[in-house]
Amino acid sequence: MHVHVNDIDLWYEVQGIGPPVILLHGNGEDHRIFDILIGKLSASRTVYALDSRCHGRSGHSREISYAMMAEDVAAFIRALGLQKPALYGFSDGGIIGLLVASTHPDLLSSLIVSGANTHPAGVKAGWRHLFTVLHFFSRSKLMELMLKEPDIHADDLLKISVPLLVLAGEKDIVKESDTRYIVLHVPGAILKILLGENHQSYVVHSPKLYDAIREFWQLPHTTGSRPDAI
Numbered sequence: 219m220h221v222h223v224n225d226i227d228l229w230y231e232v233q234g235i236g237p238p239v240i241l242l243h244g245n246g247e248d249h250r251i252f253d254i255l256i257g258k259l260s261a262s263r264t265v266y267a268l269d270s271r272c273h274g275r276s277g278h279s280r281e282i283s284y285a286m287m288a289e290d291v292a293a294f295i296r297a298l299g300l301q302k303p304a305l306y307g308f309s310d311g312g313i314i315g316l317l318v319a320s321t322h323p324d325l326l327s328s329l330i331v332s333g334a335n336t337h338p339a340g341v342k343a344g345w346r347h348l349f350t351v352l353h354f355f356s357r358s359k360l361m362e363l364m365l366k367e368p369d370i371h372a373d374d375l376l377k378i379s380v381p382l383l384v385l386a387g388e389k390d391i392v393k394e395s396d397t398r399y400i401v402l403h404v405p406g407a408i409l410k411i412l413l414g415e416n417h418q419s420y421v422v423h424s425p426k427l428y429d430a431i432r433e434f435w436q437l438p439h440t441t442g443s444r445p446d447a448i
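Read in the numbering used here, the sequence shown has 407 at position 189, and its numbers run on one by one without any break.
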């Protein structure tokens, strides 16, 4: 179904009964990458799986930025009257999640991100080169987005006050140093590096992500403290 916010139609799928959780996909994908995760989460949560603007069945705009998509999500939450949803974001979705939690600190109950970077240089050099080549031939604004953004600083991360779990694959395309930068600057953030996994192997059409999310939600969170990493 669609909801109109910020002059754009956002497509979303909703399943389940229980506290709300929002799922955000990565660059060039849509909500269908979460088909297995949605099935598992919907047993105890109401799952809202979105297509970001310029993706899937959502509307297209001439311009696109992570800040714009973060405002889309904030407007989506308010338009549907969702009360303190949890949010999980993969890759670009994780970047969007960080921006939502930073700019709207009272909107979410918790945040989980995986494969998120704070700056284009946070992506390993070989992958940045590949994206540059792909953009040269495609002139895709989605590819250009990854080459120019995001630009998330320590001051932005320090504004995040909700419980945060940061996931990354051992063989992720994002530098581990950038993943740890996020954890270092968000009070109480938890880091989990998944051995043997790459950027998307545990996320896309995979049941593996569910256990990490469930563990995190079961922790006794205390904002402002730093619990031991799981």
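Glycine included, each C-beta is placed from N, C-alpha and C at the ideal position.
If you're wondering where the values come from, they're calculated on a predicted model, not measured in any experiment.
- Residue 315 and residue 373 have their C-alpha atoms some 16 Å from each other.
- Spanning the alpha carbons of residue 236 and residue 230 requires a straight line of approximately 17 Å.
- The beta carbon of residue 274 sits closer than 7 Å to the beta carbons of 229, 248 and 249 from its chain, once the five residues preceding and following it are set aside; these are given in chain order.
- For the options 407, 332 and 263, the alpha carbon positioned closest to that of residue 376 is the one of 407.
- The alpha-carbon separation between residue 353 and residue 438 amounts to approximately 44 Å.
- Comparing alpha-carbon positions, the option among 238, 246, 241 and 226 lying closest to residue 361 turns out to be 246.
- Linking residue 333 to residue 410 through their CA atoms gives a straight-line distance of about 11 Å.
- Contact annotation: the stretch 303-323 does not touch the stretch 337-352, with fewer than three C-beta pairs closer than 8 Å.
- The beta carbon of residue 223 is closer than 7 Å to those of 290, 293, 294 and 297 in its chain, skipping five residues each way along the sequence.
- As summarised for the stretch 297-368, the continuous beta strand (DSSP E) elements at least 3 residues long and confined to that stretch are 304-308 and 328-332, given in chain order.
- With contacts defined as CB atoms closer than 7 Å, residue 412 and residue 387 qualify as a contacting pair.
- Counting other Cβ atoms within 10 Å of its Cβ, residue 278 stays below 16 and is therefore classed as exposed.
- Residue burial is scored here from C-beta neighbours: residue 320 has at least 16 other C-beta atoms within 10 angstroms and is therefore classed as buried.
- 397 is the residue among 397, 378 and 379 whose C-alpha sits nearest the C-alpha of residue 385.
- When secondary structure is reduced to three states using DSSP, residue 403 falls in the helix class.
- 7 Å or more divides the Cβ of residue 419 from the Cβ of residue 381.
- Around the Cβ of residue 371, a 10 Å sphere holds fewer than 16 other Cβ atoms; the residue is exposed.
- Between residue 350 and residue 252, the alpha-carbon positions lie close to 27 Å from each other.
- The C-alpha of residue 282 is placed about 10 Å away from the C-alpha of residue 270.
- The Cβ-Cβ distance between residue 317 and residue 284 falls below 7 Å.
- The continuous stretches of alpha helix (DSSP H) do not include residue 274, and DSSP gives it neither H nor E.
- Per the coordinates, the alpha-carbon of residue 305 lies some 34 Å from the alpha-carbon of residue 355.
- Rounded to the nearest whole angstrom, the CA to CA distance from residue 417 to residue 272 is 22 Å.
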